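Student:
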Amino acid sequence: MRQTRLKNRQLKIPARAKINWALDVLGKMPDGYHSLEMVMQTISLADQVTLTQSPGEDAVSSSAPLPGGAGNLALAAWLLLKKRCNLEQGLDIYIEKNIPVAAGLGGGSADAAAVFLGANRLFGLGLDHRQLAELALPLGADIPFCLLGRAALARGKGEILQPFGPVPRQWLVLVNPGIPLSTALVFRNYSLPENRPKADIETLKEALLRGEAEGIAPLMFNALEETAQALCPQISEIKRDLRSLGLQPLLSGSGPTVFAPAQSRAAAARAAAVLCGRWPFVEIAYTL
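Residue 972 in our numbering is what sits at position 243 of the sequence shown, and the numbering runs on without skipping anything.
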């Protein structure tokens, strides 16, 4: 993540969303979590997080409603870091929200990652990626990836990362129905089918490395899509709308955001212009 220092006591950092080109569920772990295999990539859509050193209490605020107290991942990240490094200073966190909440785009995880990275720099803590990722994992399985900020294969709960790239830019259309969808709820309702399709992770990775949009779309996969659609029927409507425009859609994460790669920025913009009157959140973005 690129960080911008404003002055000695303040730092602004983007918290970038992610998409899942592939999300496969392999089974359940002994601790009850699902074992996953994913292809994840950071995209240009981002919240903006401003961190300000404070002599007083720790605080978090936002341009949009967010969970309060330690239930807020950004504040929880700071409190963990503060305890780990025995810091006495306070931190004021302000989040300018651009990523929809509970949308399958990793917005909360991205905000937490931005706090870890930004506070590490702001307070001169000198922690490396491995140390930050180990600290972050109990808060959320997507946070280690968000700390990485690039394309990666992810396994386990999502914390076992194998970065790859550089990956040629892909333009995307993102559509969200404006209805939050809980990741926990989707996984609670998911059951592993006996005869199920599987993601071709390695072939997808190679297509991404070649930058072949026409080769990427047929390989996109999300095992949670059917379950999420049953909980949020608007996902199916969004997919129909995108297909009617000649695009191949896929649910990102546990949803309800749907994305579709486009051949160019102009093609993405044309599709977004058609859909923006129908859905409350329509954006074009690109992969990083």
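Backbone N, C-alpha and C fix where the C-beta goes; we use that ideal spot for every residue, glycine too. On a predicted model such as this, the values are computed, not experimentally measured, just so you know.
Using three-state DSSP, classify R745 as helix, strand or coil.
Tutor: On the sequence shown, position 16 is the one that residue 745 refers to. Three-state DSSP puts R745 in a strand.
Student: Expressed to the nearest angstrom, what Euclidean distance is found between the alpha-carbon atoms of P985 and S993?
Tutor: Your numbering for residue 985 matches position 256 in the sequence shown. Your numbering for residue 993 matches position 264 in the sequence shown. Those two C-alpha atoms are separated by around 24 Å.
Student: For N849, which residues in the same chain have their Cβ closer than 8 Å to its Cβ, ignoring the five residues on either side in sequence?
Tutor: Residue 849 sits at position 120 when you count from the first residue of the sequence shown. So the list reads L810, G855, L856, L861, once near-sequence residues are dropped.
Student: Quick check on this structure: which residue in W807, N905, P892, L976 has the alpha carbon closest to the alpha carbon of R1006?
Tutor: Here residue 1006 corresponds to residue number 277 of the sequence shown, with the count starting at 1. For the record, residue 1006 in the displayed sequence is Gly; it is not Arg. The option with the nearest alpha carbon to G1006 is N905.
Student: Would a C-beta distance cut-off of 7 Å place L740 and L804 closer than the cut-off?
Tutor: Residue 740 sits at position 11 when you count from the first residue of the sequence shown. Residue 804 sits at position 75 when you count from the first residue of the sequence shown. For L740 and L804, no; Cβs fall outside 7 Å.
Student: Identify whether G756 lies in helix, strand or coil by the three-state DSSP scheme.
Tutor: The sequence position of residue 756 within the sequence shown is 27, counting from 1. Strand.
Student: Roughly how many angstroms separate the alpha carbons of N827 and P743, rounded to a whole number?
Tutor: As a first step, residue 827 is located in the sequence shown; it is residue number 98 there, counting from the start. As a first step, residue 743 is located in the sequence shown; it is residue number 14 there, counting from the start. Computed Cα separation, rounded: 10 Å.
Student: Tell me whether L921 is buried or exposed, calling it buried when 16 or more other Cβ atoms sit within 10 Å of its Cβ.
Tutor: Numbered from 1 along the sequence shown, position 192 holds the residue referred to as residue 921. Answer is exposed; the Cβ neighbour count stays below 16.
Student: Using three-state DSSP, classify L971 as helix, strand or coil.
Tutor: Along the sequence shown, read from residue 1 onward, the residue named residue 971 stands at position 242. L971: helix per DSSP, three-state reduction.
Student: Considering only the beta carbon of each residue, do D871 and G835 sit closer than 7 Å?
Tutor: For the purposes of this step, residue 871 is taken as residue 142 along the sequence shown, with counting starting at 1. For the purposes of this step, residue 835 is taken as residue 106 along the sequence shown, with counting starting at 1. In this structure, G835 lies closer than 7 Å to D871 by Cβ.
Student: Go through its chain and collect everything with a Cβ distance to R999's Cβ below 7 Å, but skip five positions before and after it.
Tutor: Counted from its first residue, the sequence shown places residue 999 at position 270. Hits under 7 Å: none found.
Student: Please list the segments of the alpha helix (DSSP H) lying wholly inside the stretch 782-845, counting only runs of 4 or more residues, in order along the chain.
Tutor: 802-813
Student: In whole angstroms, give me the CA-to-CA distance for I945 and Q777.
Tutor: Counting from 1 along the sequence shown, the entry for residue 945 is found at position 216. Counting from 1 along the sequence shown, the entry for residue 777 is found at position 48. Those two C-alpha atoms are separated by around 30 Å.
Student: Give me the Cα-Cα distance between W807 and E943, rounded to the nearest whole angstrom.
Tutor: What you label residue 807 is simply residue 78 of the sequence shown in a count that begins at 1. What you label residue 943 is simply residue 214 of the sequence shown in a count that begins at 1. Going from the Cα of W807 to the Cα of E943 covers about 42 Å.
Student: What separation, rounded to the nearest whole angstrom, lies between the Cα atoms of Q770 and A952?
Tutor: Locating residue 770 in the sequence shown gives position 41, counting from the first residue. Locating residue 952 in the sequence shown gives position 223, counting from the first residue. Their Cα atoms are separated by approximately 17 Å.
Student: Can you give me the start and stop residues for the alpha helix (DSSP H) that A998 sits inside?
Tutor: Taking the first residue of the sequence shown as 1, we reach residue 998 at position 269. Here the alpha helix (DSSP H) through A998 covers 994-1004.
Student: Report the rounded CA-to-CA distance for K736 versus Q782, giving the unit in angstroms.
Tutor: Along the sequence shown, one-based indexing puts residue 736 at 7. Along the sequence shown, one-based indexing puts residue 782 at 53. Annotation note: pLDDT 49 at K736 (below 50); position unreliable, coordinate value reported separately. Between K736 and Q782, the C-alpha separation is close to 11 Å.
Student: For the beta strand (DSSP E) containing Q891, name the first residue and the last one.
Tutor: Within the sequence shown, the letter at position 162 stands for residue 891. Taken as a continuous stretch (DSSP letters only), the beta strand (DSSP E) holding Q891 covers 889-892.
Student: For R731, is the classification buried or exposed, using 16 other Cβ atoms within 10 angstroms of its Cβ as the cut-off for buried?
Tutor: Counting from 1 along the sequence shown, the entry for residue 731 is found at position 2. Here R731 scores only 46 on pLDDT, less than 50, and its place in the model is too uncertain to base an answer on.
Student: Hey, how far is the Cα of A957 from the Cα of V915?
Tutor: In the sequence shown, counting from the first residue as 1, residue 957 sits at position 228. In the sequence shown, counting from the first residue as 1, residue 915 sits at position 186. Their backbone Cα atoms lie some 6 Å apart in a straight line.
Student: Could you tell me the alpha carbon to alpha carbon distance between V1003 and I1013, rounded to whole angstroms?
Tutor: In the sequence shown, counting from the first residue as 1, residue 1003 sits at position 274. In the sequence shown, counting from the first residue as 1, residue 1013 sits at position 284. One C-alpha to the other measures close to 12 Å.
Student: Checking the sheet assignment: what are the DSSP bridge partners for D871?
Tutor: Residue 871 sits at position 142 when you count from the first residue of the sequence shown. D871 pairs with nothing; no bridge assigned.
Student: Here's a check: name, in chain order, each residue in its chain whose Cβ is nearer than 6 Å to the Cβ of A788, leaving out the five neighbours to either side.
Tutor: For the purposes of this step, residue 788 is identified with residue 59 of the sequence shown, where counting begins at 1. Here the set comprises D821.
Student: Among the candidates V844, P990, F852, whose CA atom is the shortest distance from the CA of Q818?
Tutor: As a working mapping, residue 818 is identified with position 89 in the sequence shown. That would be F852, whose Cα lies nearest to the Cα of Q818.
Student: With R939 as the anchor, note down where its alpha helix (DSSP H) starts and where it stops.
Tutor: The count along the sequence shown starts at 1 and reaches residue 939 at position 210. For R939, the enclosing alpha helix (DSSP H) stretches over residues 930-939.
Student: Determine the burial state of E766: buried for a count of at least 16 other Cβ atoms within 10 Å of its Cβ, exposed for fewer.
Tutor: Position 37 of the sequence shown, counted from the first residue, corresponds to residue 766. When all chains shown are included, E766 counts as buried.
Student: May I ask which residues mark the beginning and end of the alpha helix (DSSP H) holding V904?
Tutor: To locate residue 904, count along the sequence shown from 1; it is residue 175. That residue, V904, is in no alpha helix (DSSP H); its beta strand (DSSP E) goes 900-905.
Student: Determine the direct distance from the alpha carbon of L933 to that of Y1015, and round the result to whole angstroms.
Tutor: If you number the sequence shown from 1, residue 1015 lands on position 286. If you number the sequence shown from 1, residue 933 lands on position 204. Taking the straight line joining both Cα atoms gives about 18 Å.
Student: When you compare only the Cα positions, how much space is there between R734 and Y823?
Tutor: Within the sequence shown, numbered from 1, the residue matching residue 734 stands at position 5. Within the sequence shown, numbered from 1, the residue matching residue 823 stands at position 94. At R734 the pLDDT is 44, less than 50, meaning the model places this residue with poor confidence and gives no usable figure here.
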